[in-house]
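Enquirer: Residue numbers (mature numbering (1 follows the signal peptide of the UniProt record, and there is no 0)): -22 to -1, 1 to 179.
Sharing a structure below in structure tokens format, with a few things to ask.
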Amino acid sequence: MRTLLLVLPALLLAACSGPASEQTSSTTSPNPTEPLDTTRAPSISAQADTLKVVRHRHDFSSPGHPDLFMLALRGTDLTTGEATFTITAADGTTIFREVLQAADLEASLVYSMTGPTASKAEREAFIRKRMDEFFADKQFGKPAAAATEAAPADTDQAAWEDLRKRPDAVYFRYLVGKEEQRRIAWSSLRKQVVRLPSTGG
């Protein structure tokens, strides 16, 4: 009986320590190795670095069916980001895409600066304002090609002549850099966006 009393605590101690230590080691092991998960979404998504997006709907490629104009600035900093300008037709087709740099949006700040330099906060505010005004209604107009306007040498002549016959054809004008006013329009003849003569720059 005395021997049994001495052995019993030892057995209980062994029974309690075995499974408990295994359980502890299996749940608290630091940084357990995980299997590769190829279906998991990447840690950086297309939206993760998006700094600002502006959208505007306006008649352009198909009267009565406004296209979606969008400018999305991505990167780690407003002043060094990359802006993607796209136009998407009503049916979901992307009909135009152009990549601009933050510097293209910021350059005209020099005309409104009150001193020799601008602070980073002022630069960021200017870029935001430029983006907010990028698709202002005043940037759209018609006709895309005036009937009396001569066709520039570096323009698709057939597309230009077709646009001249379409007084309702809409153009979109946007500033790049300090002074370059780019113009684009939808060519029903070519079934694509065409560049019109730029002004300035």
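Ideal placement from N, C-alpha and C gives every residue a C-beta, glycine not left out.
#1: Looking at TYR152 and PRO163, is the spacing between their C-beta atoms short of 7 Å?
#2: Flag this pair as yes or no: are the beta carbons of MET91 and LYS30 separated by less than 7 Å?
#3: For the beta strand (DSSP E) that MET48 lies in, which residues bound it at each end?
#4: Given a cut-off of 7 Å on the beta-carbon distance, is the pair THR95 and ALA80 in contact?
#5: Between the Cα of ARG168 and those of LYS116, PRO145, GLN135 and GLY42, spot the shortest distance and give me the residue it belongs to.
#6: Below 8 Å on the Cβ atoms is my contact criterion, and I expect LEU56 with GLU102 to pass it. Report the Cβ-Cβ distance as a whole number of Å.
#7: What residues match up with ALA163 in a beta bridge as DSSP calls it?
#8: Do ALA68 and LEU49 have their CB atoms nearer than 7 Å?
#9: Buried or exposed: which applies to ARG173, given that a residue is buried once 16 or more other Cβ atoms fall within 10 Å of its Cβ?
#10: Can the beta-carbon of ASP82 be found less than 7 Å from the beta-carbon of VAL154?
#11: Just how far apart, CA to CA, sit LYS98 and VAL88?
#12: Could you tell me which of THR126, THR54 and ALA131 sits nearest to PRO145, measuring between CA atoms?
#13: Give the range of the beta strand (DSSP E) segment to which PHE104 is assigned.
#14: Please work out which residues of its chain come closer than 7 Å, Cβ to Cβ, to LEU78, disregarding the five sequence neighbours upstream and downstream, and give them in chain order.
#15: If you reduce the DSSP assignment to three classes, tell me which class ARG142 lands in.
#16: Going by the C-beta, is ALA136 closer than 6 Å to any heavy atom of the ligand PLP?
#17: Can ARG35 and LEU46 be called in contact, C-beta distance under 7 Å?
#18: Could you give the distance in angstroms between the alpha-carbon of PRO130 and the alpha-carbon of PRO175?
#19: DSSP three-state label for ALA61, please.
Expert: Straight from the coordinates:
#1: Pro is not the amino acid found at residue 163; the sequence shown has Ala there. No, the Cβ-Cβ distance between ALA163 and TYR152 is not below 7 Å.
#2: no
#3: 45 to 52
#4: The answer is no: Cβ separation not under 7 Å.
#5: GLN135
#6: 5 Å
#7: TYR149 and VAL172
#8: no
#9: exposed
#10: yes
#11: Rounded to whole angstroms, LYS98 to VAL88 spans 14 Å at the Cα level.
#12: THR126
#13: Run containing PHE104: none in the beta strand (DSSP E); it sits in the alpha helix (DSSP H), 98 to 111.
#14: ALA61, PHE63 and VAL154
#15: helix
#16: Ligands in the displayed structure: none, and consequently the ligand PLP is not present.
#17: Yes; because the gap between Cβ atoms is below 7 Å, this pair is in contact.
#18: 7 Å
#19: Of the three classes helix, strand and coil, the one that applies to ALA61 here is strand, per DSSP.
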